[in-house]
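Here the sequence shown is numbered in numbering that gives the first Met the number 0, starting from 0 and rising by one per residue.
Following: one structure in structure tokens, then a few remarks.
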Amino acid sequence: MHSTGLRVVVWTLALAVGLPGLTPSYAQTQGSDRRQDRRDDRQGAQDTRQTGREDARDTKAECRAGDEKSRPECRQQKRDSKQDARDSARDQKKD
């Protein structure tokens, strides 16, 4: 009876040690890769939008300095510039 209990303990330990090798080790890595890809996509899109905001500010400043357009026209031009940046960021995230 004593040797049977010892065998059970030994087999239990052997299975416990051997089980991590049986599970697929790539599952977590693939998920991590997809998450990192999404983070990179979001960061790239955020950078694109930020650059668009800066460009829109410059566009409006140039428009107002030129005195050829009214304030509402310059404001609309800035809005259009920012919207173009948003569209580019959206396209960047889709790819």
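Heads up, the beta-carbon is just placed ideally off N, CA and C, and yes, glycines get one too.
Own chain, CB closer than 6 Å to residue i, minus 5 neighbours either side, in chain order
| i | result |
| --- | --- |
| residue 30 | none |
| residue 95 | Because the chain in this structure spans residues 0 to 94, residue 95 falls outside the shown range and cannot be described. |
| residue 74 | none |
| residue 40 | 92 |
| residue 63 | 73 |
Under the three-state DSSP convention, the category residue i falls into
| i | result |
| --- | --- |
| residue 81 | helix |
| residue 2 | helix |
| residue 69 | coil |
Cβ shell of residue i (< 8 Å), same chain only, five flanking positions each side left out
| i | result |
| --- | --- |
| residue 89 | 44 |
Identity of the residue in the options nearest residue i by Cα
| i | options | result |
| --- | --- | --- |
| residue 55 | 46, 3, 64 and 76 | 76 |
Cβ shell of residue i (< 7 Å), same chain only, five flanking positions each side left out
| i | result |
| --- | --- |
| residue 47 | 84, 87, 88 and 91 |
| residue 79 | none |
| residue 68 | 62 |
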